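Colleague: Mind having a look at this structure? Questions to follow.
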Amino acid sequence: MIKKIGILTSGGDAPGMNAAVCGAIHAGHKLGKEMYVVIGGYYGLIHNDIHKVEANFADHALNLGGTIIKTKRLPEFKEENVRKEAVKALKAEGIDALIVVGGDGSYMGAKALTSMGINCVGLPGTIDNDIASSDYTIGFDTALNTVVEAIDKIRETADSHKRCIITEVMGNRCPDLTLYAGIATNADYIITVDKPLDKEDLIKTLNEKYETQDSAMVLLAEKQYNLEELTKFVKENTKWDTRNDILGYIQRGGTPTAMERVNAIRMGTYAVELLDKGIGGVCVGIVNNKITHREIFEALSLERDKHEDLMQVFEYIK
Ligand code: ATP
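With my numbering, letter number 11 in the sequence shown gets 269, and the count goes up by one each step, no holes.
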């Protein structure tokens with residue numbers, strides 16, 4: 259019977275992580291567990307930065323972006339001897355279960371810890387939406403809203419000057435932020451890992467739009483093409499007065515949306531329920547709006563959904 263549960267956030271921070279922590283801590287206390295937070299992810303584990311917390315520990319942080327229990331990358335965690343230190347630190351506190359909120363790298367750490375005797379449950383925490391075992395990752399909805407708000411604003415200034423503005427969006431390996439924002443803002447062109455740059459098609463599209471529109475919005479997922487080169491290319495091959503913008507770290511922060519908070523609390527709560535039943539080595543997801551879990555090793559091998567239906571929607575609306 260698990261009595262003490264730890265929780266940490268790992269990898270890139272994402273809005274809603276605090277809500278997941280809050281949900282887990284409350285559920286843990288209601289189910290009679292002692293709850294602990296680890297400050298700074300796996301780094302905090304091996305540095306004994308582990309603290310027992312009361313039920314209301316994260317209540318004030320529900321509306322805060324970032325993670326109040328911090329995150330830090332620790333590449334050395336891939337080494338077994340480093341992980342042994344983590345297990346030792348947890349055992350010294352009597353903690354035998356851990357909730358890990360993070361991306362697929364963090365899941366690898368959770369999987370490895372489980373095989374060393376610490377029951378772990380992973381929660382998908384990343385703005386990129388790149389965890390295939392969940393339709394939705396903690397942070398995605400808020401980041402998407404941030405991107406949409408920014409593109410709407412950029413559209414207003416572009417409209418006033420008849421400009422084409424190419425905006426770089428985060429999420430290089432997973433196109434979801436760019437694709438969803440492209441649909442929500444009626445963008446004119448998107449370039450993602452699933453829809454690589456087709457120069458001829460881009461120029462044809464932008465030239466057609468020049469005849470009927472006051473602005474053109476191109477969304478470029480990061481690392482898919484050099485932004486400056488692309489801007490120069492569009493300038494040279496269309497009549498558009500062409501500019502560019504990088505949204506950058508603004509996409510990471512911000513007040514979590516209501517849906518983000520609800521889903522994150524739901525996942526945090528479910529993680530504790532699983533551990534209470536003695537289930538570990540799994541990760542939690544929301545699939546078809548149902549809370550669910552599956553083995554971490556299985557989740558890591560799943561193929562990402564390419565959202566071909568949404569690509570088609572974008573093709574209609576653009
Ligand atoms: P994001 O998607 O935001 O980058 P992530 O969880 O994938 O999140 P990573 O930097 O890949 O981010 O991993 C976070 C931490 O997980 C690493 O700093 C490391 O401590 C641990 N980790 C990553 N890969 C492994 C692995 N193969 N084995 C054990 N631990 C790992």
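Note that the Cβ used here is the ideal one computed from N, Cα and C, for glycine as well.
Just so it is clear, the structure is predicted and the values come from calculations on it, not from any experiment.
Please decide whether Q482 counts as near chain C, where near means a Cβ-Cβ distance under 9 Å.
Modeller: Looking at the structure shown, chain C is missing, and only one protein chain is on hand.
Colleague: Tell me, to the nearest whole angstrom, how far the beta carbon of K291 is from that of I260; I am working on the premise that it is less than 8 Å.
Modeller: Right, the Cβ-Cβ distance comes to about 7 Å (below 8 Å), so this counts as a contact.
Colleague: Answer yes if the stretch 411 to 422 comes into contact with the stretch 517 to 529, meaning at least three C-beta pairs across the two stretches below 8 Å, and no otherwise.
Modeller: Contact between the stretch 517 to 529 and the stretch 411 to 422 is absent, because fewer than three Cβ pairs lie under 8 Å.
Colleague: Look at A344 and T527 and say whether their C-beta atoms are less than 9 Å apart.
Modeller: No, the pair does not count as a contact, with Cβ atoms beyond the cut-off.
Colleague: Identify the continuous alpha helix (DSSP H) that holds M275 and give its terminal residues.
Modeller: Residues 275 to 288.
Colleague: To the nearest angstrom, how far is the alpha carbon of N502 from that of L485?
Modeller: Roughly 7 Å between the two C-alpha positions.
Colleague: I need the straight-line Cα distance from T372 to G270, nearest angstrom please.
Modeller: Straight-line Cα distance between these residues: approximately 22 Å.
Colleague: If you reduce the DSSP assignment to three classes, tell me which class G383 lands in.
Modeller: Of the three classes helix, strand and coil, the one that applies to G383 here is strand, per DSSP.
Colleague: Tell me the residue span of the alpha helix (DSSP H) that contains A439.
Modeller: Looking at the DSSP string, the run of the alpha helix (DSSP H) that includes A439 is 434 to 442.
Colleague: In the DSSP assignment, the beta strand (DSSP E) including I449 goes from what residue to what residue?
Modeller: Run containing I449: 447 to 449, per the beta strand (DSSP E) assignment.
Colleague: From which residue to which residue does the beta strand (DSSP E) around D503 run?
Modeller: D503 -> beta strand (DSSP E) spans 499 to 504.
Colleague: Assuming I412 is part of the alpha helix (DSSP H), what are its boundary residues?
Modeller: Start and end: 398 to 419.
Colleague: Is D388 near ligand 1, judged by its Cβ being under 8 Å from some heavy atom?
Modeller: Because some heavy atom of ligand 1 lies under 8 Å away, the Cβ of D388 counts as near it: yes.
Colleague: How many angstroms separate the CA atom of T550 from the CA atom of N430?
Modeller: Taking the straight line from one Cα to the other gives about 27 Å.
Colleague: Quick one: what does DSSP say M293 is sitting in, helix, strand or coil?
Modeller: Strand, per DSSP.
Colleague: Let me know the secondary structure DSSP gives I326 once reduced to three states.
Modeller: Reduced to three states, the DSSP call for I326 is coil.
Colleague: Verify the contact flag: G299, CB atom, against every heavy atom of ligand 1, threshold strictly below 8 Å.
Modeller: True, at least one ligand heavy atom lies under 8 Å from that Cβ.
Colleague: How many Å lie between R413 and I554 at the Cα?
Modeller: Answer to the nearest angstrom: the Cα atoms are 42 Å apart.
Colleague: Quick one: what's got a C-beta closer than 6 Å to T436's C-beta in the same chain, skipping five residues either side?
Modeller: V427, I448, T450, L477, A479.
Colleague: With 16 other CB atoms within 10 Å as the buried threshold, where does A516 fall?
Modeller: Under this definition A516 is an exposed residue.
Colleague: Counting pairs of Cβ atoms below 8 Å between the stretch 262 to 269 and the stretch 357 to 364, do you hit three or more?
Modeller: Yes: at least three Cβ pairs fall under 8 Å.
Colleague: Cβ of Y365 within 8 Å of any heavy atom in ligand 1?
Modeller: For ligand 1, at least one heavy atom lies less than 8 Å from the Cβ of Y365.
Colleague: Put E573 into one of helix, strand or coil per three-state DSSP.
Modeller: In this structure, E573 counts as helix in the three-state DSSP scheme.
Colleague: Indicate the three-state DSSP secondary structure (helix, strand or coil) for I461 in the structure shown.
Modeller: Note: I461 maps to helix in three-state DSSP.
Colleague: Check whether the Cβ atoms of A474 and K467 lie closer than 9 Å to each other.
Modeller: Taking 9 Å as the Cβ cut-off, A474 and K467 qualify as a contacting pair.
Colleague: Would DSSP call H309 helix, strand or coil?
Modeller: Here H309 sits in strand by DSSP.
Colleague: State the CB to CB distance for the pair G383 and I396, rounded to an integer number of angstroms; the pair is presumed to be in contact (CB under 8 Å).
Modeller: Right, the Cβ-Cβ distance comes to about 4 Å (below 8 Å), so this counts as a contact.
Colleague: Helix, strand or coil for L478, going by three-state DSSP, please let me know.
Modeller: In the structure shown, L478 sits in a strand (DSSP, three-state: E or B).
Colleague: Say the cut is 8 Å; is the CB of T384 nearer than that to a heavy atom of ligand 1?
Modeller: Yes, the Cβ of T384 comes within 8 Å of a heavy atom of ligand 1.
Colleague: Report, in whole angstroms, the separation of the C-beta atoms of V406 and T443, which I expect to be a contact under 8 Å.
Modeller: Indeed, because the Cβ distance is near 6 Å, the residues count as touching under 8 Å.
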